[in-house]
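Each number in this note's numbering comes from the position in the sequence shown (counting from 1) with 34 added on. Glycine included, every Cβ here is placed at the ideal spot set by N, Cα and C.
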Amino acid sequence: MMKKYLIIYSLTLLTLLSVGQVSAQSKLTEEQKQELKARYEAYKEKLNLSEDQSVKVESINRTYFEQLATLRDSKLSKYRKYKDIKSTRDGQMKAVLSKEQYKTYEAFQKEMKEEFKENRRQQ
């Protein structure tokens, strides 16, 4: 369950850090890695990030992935901890992105949440 949770939310996180790191963390197939990479590139283009924004967004997402990886060992409610991590990330993204870019980011987050729910229903 946690593996699938990380995979789905990695799609919403905009960046894959690097294919090698994602592979080591979640043991994705080559096809899954390519799909995630393509989604990230498409989303990066959709947000129309400047070079500076791109670097900042990647850094924010790297921190986010690292925090998500610690959830397995958390004594706090995983959901509550996830919400705290997501809230921090959203605040950081809001500081980096323009209002229009942030609206696009929020829409993508909502879309990925729905996709995650749909995938859970199919299992």
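Would the beta-carbon of residue i fall within 8 Å of that of residue j?
i	j	result
I119	L102	yes
K78	S88	yes
N82	Q135	yes
K117	L105	no
Where residue i and residue j are concerned, what is the direct C-alpha to C-alpha distance, given to the nearest angstrom?
i	j	result
K80	T97	22 Å
Q143	K128	13 Å
R73	K151	18 Å
Q126	K147	20 Å
E140	K133	10 Å
Q66	S121	27 Å
E85	A76	15 Å
T63	K137	32 Å
M35	E145	Residue placement at M35 cannot be trusted, given a pLDDT of 49 that sits under 50; what the coordinates show is reported in the next sentence. Rounded to the nearest angstrom, the two C-alpha atoms are 20 Å apart.
R155	K71	25 Å
E149	V91	22 Å
N153	S111	23 Å
Quick check on the burial criterion: 16 or more other C-beta atoms within 10 angstroms. Buried or exposed for residue i?
i	result
R123	buried
E100	exposed
Q55	Residue confidence is low: Q55 scores 44 on pLDDT, short of 50, so the model does not pin down where it sits. No coordinate-derived value is stated.
N95	buried
Y113	exposed
Tell me whether residue i sits in a helix, a strand or coil according to DSSP, three-state version.
i	result
N82	coil
L105	helix
L70	helix
T63	coil
S231	A query on residue 231 cannot be resolved here, the shown segment of the chain reaching from 35 to 157 and no further.
S132	coil
Q143	helix
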